Amino acid sequence: MLNHTVFILGAIFCIQCTQQPTPDISYRVSKIEGNQPKLVVELSFAADPSGTAIVNYPNNAWGQQNLHQGITDIALVDSAGEIEQHKDSGWFAIKHPKDLDSIRIRYALQQDFEFISSRETYRPIIQPEYFHVFSHNLFMVPKLGKDTVDISLNWDDFSEATLIHNSFGSKQRRQILRDMPLQLFGSAIFVGGDFRVYEDEIEGNKISLATRGDWIPFEEDSVMHVLKQTLQAQRAFWKDHSQEYFTVTMQPFTQEQGSSMQGTGLTNSFATSVSNNEFMNLELLIYLFNHELMHNWIGHTIENDNEEEQYWFSEGFTEYYTFKNIAKNRINGLDGSYFINSINETIRNLEGSPVKNAPNKEINYDNYWSNRDFGKLPYYRGSLFAFCLDLVLQQQSNGENSLDDLMRFLLEDTQLKEQKITNDYFLAAANKFFEEDIQPLFDAVIINGGDLPLAEIFEALELSYHAETDLFDMGFELSDDRKTITSVMPGSKAEESGLKTGDQLFSRSIWYGRVDKLIELGVKRNGVEKQISFYPIKKAKVPTLINSAENRASLKL
1473 MLNHTVFILG
1483 AIFCIQCTQQ
1493 PTPDISYRVS
1503 KIEGNQPKLV
1513 VELSFAADPS
1523 GTAIVNYPNN
1533 AWGQQNLHQG
1543 ITDIALVDSA
1553 GEIEQHKDSG
1563 WFAIKHPKDL
1573 DSIRIRYALQ
1583 QDFEFISSRE
1593 TYRPIIQPEY
1603 FHVFSHNLFM
1613 VPKLGKDTVD
1623 ISLNWDDFSE
1633 ATLIHNSFGS
1643 KQRRQILRDM
1653 PLQLFGSAIF
1663 VGGDFRVYED
1673 EIEGNKISLA
1683 TRGDWIPFEE
1693 DSVMHVLKQT
1703 LQAQRAFWKD
1713 HSQEYFTVTM
1723 QPFTQEQGSS
1733 MQGTGLTNSF
1743 ATSVSNNEFM
1753 NLELLIYLFN
1763 HELMHNWIGH
1773 TIENDNEEEQ
1783 YWFSEGFTEY
1793 YTFKNIAKNR
1803 INGLDGSYFI
1813 NSINETIRNL
1823 EGSPVKNAPN
1833 KEINYDNYWS
1843 NRDFGKLPYY
1853 RGSLFAFCLD
1863 LVLQQQSNGE
1873 NSLDDLMRFL
1883 LEDTQLKEQK
1893 ITNDYFLAAA
1903 NKFFEEDIQP
1913 LFDAVIINGG
1923 DLPLAEIFEA
1933 LELSYHAETD
1943 LFDMGFELSD
1953 DRKTITSVMP
1963 GSKAEESGLK
1973 TGDQLFSRSI
1983 WYGRVDKLIE
1993 LGVKRNGVEK
2003 QISFYPIKKA
2013 KVPTLINSAE
2023 NRASLKL
């Protein structure tokens, strides 16, 4: 009898030891099938003693507007109360009895557009075969007065054949996220359905690729090979193998002409959408992977204090290290020639930009997300600024030091001090590495939008260069729906081709920034269809590097 008592007491003790605290937020996700499939989310959390709880769900985010229109059938479960929608503020108010212990809300989410293209990839995509939704579009998040919470995710209601894959794990029907910062939870991707998952390891840490569809431009094994090469190179560069799990999601979309791709760096992951046609190729994907994966450190671990104000760093320096790491590590065979070609293309793109001299203060949320020229400006300007800093550091140290040393210092220092990147902090840190104060150059180029003295720098480092180059000049402007020519620039190649203001487009192929690619337009004018093509070129006195063995050696490529 005593032995039985000891056994029972021991069992009770073990159960108590293994019991986990109740999650702060619980989600149960299911799917309603049909012609208009929906994801159904049931959310549970502690009620607010005031009788009013707030759940956040942005109506406008990541350049997308009116996200609330995808929400349907929102209701309280098993309790009385009212739900008030506040679109402008991006939240819902839940009015409930003050003596209520917990709140359960159920809502449905549906796709709110018909055809998937590059413009809709940041909206919830919910199809009969699969779903692809970012966290801020899928989960309403209650305002609990703390930034770090425990979250449970339950996917049990999906069929056995449905793959569940996300930023926090793969093929897991129940997930517990302990001590999860809400900022990181809100920057995640969730996919399910007919995705396929490829898995591997680097230094004992799991990596994976989740994709679907029938790819035309490349083999999935080749994509996984590039992904592993890229992660190995970047983790070696940062001397950082701390990430136990990392995934890439890659979804195709249909596009008849030209190529298009988007990528977003996220928690433990990045999500990419790629046009699935013969115009896409593996080299473009290599660029995308290397750029977005670099955001694990630049932009995520080394954070901006003010997103748009420091995009010159988070996007520009990421762009530069995309070129440099691809070439240094010979990703898929690309080498120093790739680096020089990429730098030259960036020079041409910046010089050809209609906003090239816009001050940094004009790179704001509205301009960045609504205007392609402003959206690309911090990439061009920041990457060339980084390139020049790298050249100067290598020259003054006779090749002993480079911008790499500054970047690793920033990684360590920002983590140690919990410091975000501000303009002043960057300058103070950078000036530890330079013999002369870089603030005058920083103010002139980054803050005020002035031109970099490229020719002077090339000459000082004895790099050979062309004094004149071809710039990308589209020569016309499009309407917001990109179907009408709204203006044609006098003297441009577009004007020489016969393109006219008011022409309607039924097809287009435009390789932005590429002077070696024809712009091909299907034009309808006065009921008559015709094809117009031309090279988008104009001559300009802009220095670009000669792609020679001597230059590649000088650049240590």
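To convert, note that position 545 of the sequence shown is 2017 in the working numbering; the numbers rise steadily by one, no gaps.
Built from N, CA and C at the ideal position, the CB exists for glycine as well.
Since we're looking at a predicted model, the values are computed, not measured.
Option nearest Tyr-1852 by Cα separation, candidates Lys-1972, Glu-1781, Ser-1498 and Gly-1824: Gly-1824
Nonlocal neighbours in the same chain, by C-beta distance under 8 Å from Ser-1969, ignoring five residues either side: Ile-2004, Ser-2005 and Phe-2006
Between the CA atoms of Ser-1786 and Gly-1771 - distance to the nearest angstrom: 5 Å
Unbroken stretches of the beta strand (DSSP E), 3 residues or longer, contained in the stretch 1639-1674: 1646-1653, 1661-1665 and 1668-1674
Meets three-Cβ-pair contact criterion under 8 Å: the stretch 1936-1943 and the stretch 1951-1969: no
Sequence-distant residues of its chain with Cβ nearer than 8 Å to Phe-1905 (five each side left out): Leu-1865, Asn-1873, Asp-1877, Leu-1878 and Phe-1881
Test item: CB-CB of Thr-1544 and Ser-1745 under 7 Å: no
C-beta neighbour in chain D for Phe-1662, strict 7 Å: Among the chains in the structure shown there is no chain D, since it carries only a single protein chain.
Boundaries (first-last residue) of the beta strand (DSSP E) holding Ser-1502: 1497-1504
Nonlocal neighbours in the same chain, by C-beta distance under 7 Å from Gly-1737, ignoring five residues either side: Glu-1764, His-1767, Asn-1768, Gly-1771 and His-1772
Beta bridge counterpart(s) of Ala-2012 as assigned by DSSP: Thr-1941
Straight-line Cα distance separating Ala-1932 from Leu-1926: 10 Å
Classification of Phe-1710 by the beta-carbon crowding that lies within 10 angstroms, buried from 16 upward: One point to set straight first is that residue 1710 is Trp, not Phe, in the sequence displayed. Buried, since its Cβ has 16 or more Cβ neighbours within 10 Å.
Run of the alpha helix (DSSP H) containing Glu-1817, from where it starts to where it stops: 1808-1824
Option in Lys-1972, Ile-1575, Ile-1774 and Glu-1586 with minimal Cα separation from Lys-1615: Ile-1575
Nearest neighbour of Lys-1828, chosen from Phe-1725, Asp-1622, Trp-1784 and Thr-1721 [CA to CA]: Trp-1784
From Val-1698, Gly-1658 and Phe-1718, residue whose alpha carbon lies closest to that of Gly-1676: Phe-1718
Beta-ladder partner(s) of Leu-1511, from DSSP: Lys-1503 and Leu-1581
Secondary structure of Tyr-1783, DSSP reduced to three states: helix
contact_flag[the stretch 1882-1894, the stretch 1719-1732] where n(CB pairs < 8 Å) is 3 or more: no
Touch test, the stretch 1612-1630 against the stretch 1581-1600, Cβ-Cβ under 8 Å, three pairs minimum: no
Complete runs of the beta strand (DSSP E) confined to the stretch 1596-1636 [at least 3 residues]: 1602-1606 and 1620-1626
Beta-ladder partner(s) of Arg-1684, from DSSP: None, per the DSSP bridge assignment.
Under the three-state DSSP convention, the category Pro-1724 falls into: strand
Euclidean distance between Cα positions of Asn-2023 and Ser-1809: 10 Å
Residues that Arg-1576 bridges to, as DSSP identifies them: Ser-1516
Same chain, Cβ closer than 8 Å to Leu-1760, five either side skipped, listed in chain order: Met-1733, Gly-1735, Thr-1744 and Val-1746
Rounded C-alpha distance that separates Pro-1831 from Phe-1930: 25 Å
Cutoff 7 Å; reference Tyr-1792; Cβ partners in own chain excluding five residues on either side: Ser-1855, Ala-1858 and Phe-1859
Reference Leu-1511, options Leu-1610, His-1540, Arg-1595 and Lys-1796, closest by Cα: Leu-1610
Straight-line gap, Ala-1682 to Pro-1850 (C-alpha atoms, nearest Å): 30 Å
Every unbroken beta strand (DSSP E) inside the stretch 1735-1808 [3 residues or more]: 1741-1747
Reduced DSSP secondary structure (H/G/I, E/B, other) of Tyr-1840: helix
Opposing strand residues paired with Met-1733 [DSSP bridges]: Val-1746
Own chain, CB closer than 8 Å to Ser-2026, minus 5 neighbours either side, in chain order: Leu-1933, Glu-1934 and Leu-1935
Pairwise C-alpha distance: Val-1501 and Glu-1755: 37 Å
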